[in-house]
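In my numbering, the protein residues as written are 9 to 492. Backbone N, C-alpha and C define an ideal beta-carbon position, used for all residues, glycine too. For reference, the structure discussed in these notes is given below.
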Ligand code: NAD
């Protein structure tokens, strides 16, 4: 059976949330958002231009004085109320799946992660702001610091997880007393609207969270805006460079969560069944995907074989089917881009295509379903080992020694994450120390406590989300001095 049609009733009305007002009248550009599992249009989504961005920044500016002066315990209570409304929210789960066709059975994890991020950061709201007393010399004086919010924060998020990025950036930004304008992309405009509307419903003051779905025009208007005090961006490195140029005249500070080409290093003593399973999670549309699998020689052939067998059997199909493990990729354009990588690899003789490499037909022909794809014997200099494919394409490579594995893993422009599979405790710590990555997972995948820092090295970005590190991104320090 083909995937079920979309239930549009669950979606928020497309438009812009500016202050307390939902603006739906629009004579500018629109984007036909399609449900990736069937290709059907969900709505013609209005895209923000300069006018909407200006209005949203003005609303955030107007809301700032009261929000940053609000006692921390009141901000905390609001954030906890919001978290309670998000946790286990059935409608939100539907919006997540319609937005980017993420399997419905995985959505509780994401909805509840957003809730968790607001609970965690809400807990900080009444514990920050005060600073330290600084020793003075030679004369008697009183010197102390204050930690203050930046002001209006622009947040720009990608289509592969706008809901998670909402929680990761807005949790700490709001707890620290900043107000926000968030720009979700045209391909995934719904969850940020649904979340922000929920925030208004639970009592957030209008203007604290404003939402302007749009593309590059809105992004440029926002990042070049003189009244924006900080820019937080999750997306690709190319866009991050454009943001630096746009924000340069105003010297606006930035924090960047960018792409990755993460290595999964599997040693011969690892639990191979688990390691093979973890290579297949999702459609590869994840910044942290272990898209280069480095396998120790004695178990290389076995792991390639096991992974290929699993890839062929992985349940794909209707994202709302509880058994579905892998859904479609986001769009026709993205499917074409991924298949372009596959074709070039085949033409160049980059490794051996073991399984996949094509679009699925039959009942799934109208959606953008790509078969999980494995190339074996790939050289680390090949395009599919260096570029972020951002799709279900994995490159397997063989290594002989621990040093060689670390050298291959680090031979990348990116440094977002790395994965190590081994049961040798000492080696696990040694390799984790030597890997050039912001996060290392040992024998696990995507387990990231909200209190832990997350972010990239090298061209995977700078700045950290999560824990106290995430809060610090949104506070600037003032020093106060007076003679006694
Ligand atoms: P993208 O860079 O194309 O777009 C990201 C956002 O930037 C979108 O909202 C887009 O509309 C906006 N944008 C486009 N042009 C702009 C401009 N000139 N100025 C300002 N904003 C502009 O990325 P994408 O394809 O949406 O997302 C995939 C990328 O995001 C991958 O590289 C992936 O690894 C990365 N990502 C990183 C993380 C992380 O936490 N490190 C998480 C998720 C995704």
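Discussion item. Helix, strand or coil, according to DSSP, for residue 374 in the structure here?
Written reply: coil
Discussion item. Just to confirm before moving on: does the CB-CB distance between residue 422 and residue 472 stay below 8 angstroms?
Written reply: Contact: no.
Worksheet item: According to DSSP, what are the bridge partners of residue 240?
Response: 163, 263
Worksheet entry | Cut-off 7 angstroms between Cβ atoms - residues of its own chain near residue 63, not counting five sequence neighbours on either side | 26
Worksheet entry | Own chain residues within Cβ distance below 6 angstroms of residue 325, not counting five before or after | Closer than 6 angstroms at Cβ, skipping near neighbours: 332.
Fill in: Contact under 8 angstroms by Cβ, residue 439 with residue 454
no
Worksheet item: Nearest-angstrom Cα distance between residue 152 and residue 484?
Response: 14 angstroms
Discussion item. Can you tell me where the beta strand (DSSP E) holding residue 272 begins and where it ends?
Written reply: 271-274
Worksheet item: Which whole-angstrom value is the C-beta distance of residue 304 and residue 145, which I expect to be below 8 angstroms?
Response: Actually they do not touch by this definition, with Cβ atoms about 58 angstroms apart.
Worksheet item: For residue 324, which residues does DSSP report across the bridge?
Response: Its beta-bridge partners are 334.
Worksheet entry | Beta-carbon proximity check, residue 358 vs residue 398, cutoff 8 angstroms | no
Worksheet item: In terms of DSSP beta bridges, what is residue 490 paired with?
Response: Its beta-bridge partners are 150.
Practice prompt. With a threshold of 7 angstroms, establish whether the CB of residue 167 neighbours any heavy atom of the ligand NAD.
Written response: yes
Worksheet item: On the premise that residue 123 lies in contact with residue 6, defined as a C-beta separation below 8 angstroms, what is that separation, rounded to the nearest angstrom?
Response: The structure shown has nothing for residue 6, since the chain only spans 9 to 492.
Worksheet item: Rounded C-beta distance between residue 263 and residue 240? I'm assuming under 8 angstroms.
Response: With a Cβ gap of about 5 angstroms, residue 263 and residue 240 count as contacting.
Discussion item. Please identify the residue among 182, 228, 226, 194 whose C-alpha is closest to the C-alpha of residue 207.
Written reply: Here the closest residue by C-alpha is 182.
Item to complete: Would you decide whether residue 40 is buried or exposed? Buried here means 16 or more other CB atoms lie within 10 Å of its CB.
Response: exposed
Worksheet item: Mind checking residue 269: buried by the 16 CB within 10 Å criterion, or exposed?
Response: buried
Worksheet item: When every heavy atom of the ligand NAD is checked, does at least one fall within less than 7 angstroms of the C-beta of residue 447?
Response: no
Worksheet item: Going by the CB atoms, is the gap between residue 328 and residue 46 shorter than 8 angstroms?
Response: no
Fill in: Beta-carbon proximity of residue 245 to residue 166, cut-off 8 angstroms
no
Discussion item. So within the segment 374-462, which uninterrupted beta strand (DSSP E) runs reach at least 3 residues, ignoring any that extend past its ends?
Written reply: Every beta strand (DSSP E) stretch that sits fully inside the segment 374-462 and reaches 3 residues is listed by chain position as 381-384, 401-407, 425-429, 447-450.
Practice prompt. Inspect the CB distances between the segment 112-130 and the segment 84-103 and report whether three or more fall short of 8 angstroms.
Written response: yes
Worksheet item: In terms of residues, what are the limits of the beta strand (DSSP E) holding residue 24?
Response: 24-26
Worksheet item: Along the chain, where does the beta strand (DSSP E) that runs through residue 141 open and close?
Response: 138-142
Worksheet item: Per DSSP, residue 190 forms a beta bridge with which residues?
Response: 163, 219
Discussion item. Tell me whether residue 154, by its Cβ, gets closer than 7 angstroms to a heavy atom of the ligand NAD.
Written reply: no
Discussion item. Within 10 Å of its beta-carbon, does residue 54 have 16 or more other beta-carbons around it, so buried, or fewer, so exposed?
Written reply: With a 10 Å radius around the Cβ and a threshold of 16 neighbouring Cβ atoms, residue 54 comes out buried.
Worksheet item: What residue does the alpha helix (DSSP H) around residue 46 start on, and which one ends it?
Response: Unbroken run through residue 46: none, as it is neither H nor E.
Worksheet entry | Enclosing beta strand (DSSP E) for residue 300 [first to last residue] | For residue 300, the enclosing beta strand (DSSP E) covers residues 300-304.
Discussion item. Any heavy atom of the ligand NAD inside 7 angstroms of the beta-carbon of residue 40?
Written reply: no
Item to complete: Go ahead and pull the three-state DSSP assignment for residue 4.
Response: Past the edges of the chain, shown from 9 to 492, lies residue 4, and the structure says nothing about it.
Discussion item. Using a Cβ-Cβ distance cut-off of 8 angstroms, determine whether residue 346 contacts chain D.
Written reply: Absent from the structure is chain D; it holds one protein chain and no more.
Worksheet entry | Neighbourhood of residue 36 by C-beta distance below 7 angstroms, restricted to the same chain and skipping five residues each side | Residues of the same chain with a CB within less than 7 angstroms of the CB of residue 36, apart from the 5 flanking positions on each side, are 54, 55, 57 in chain order.
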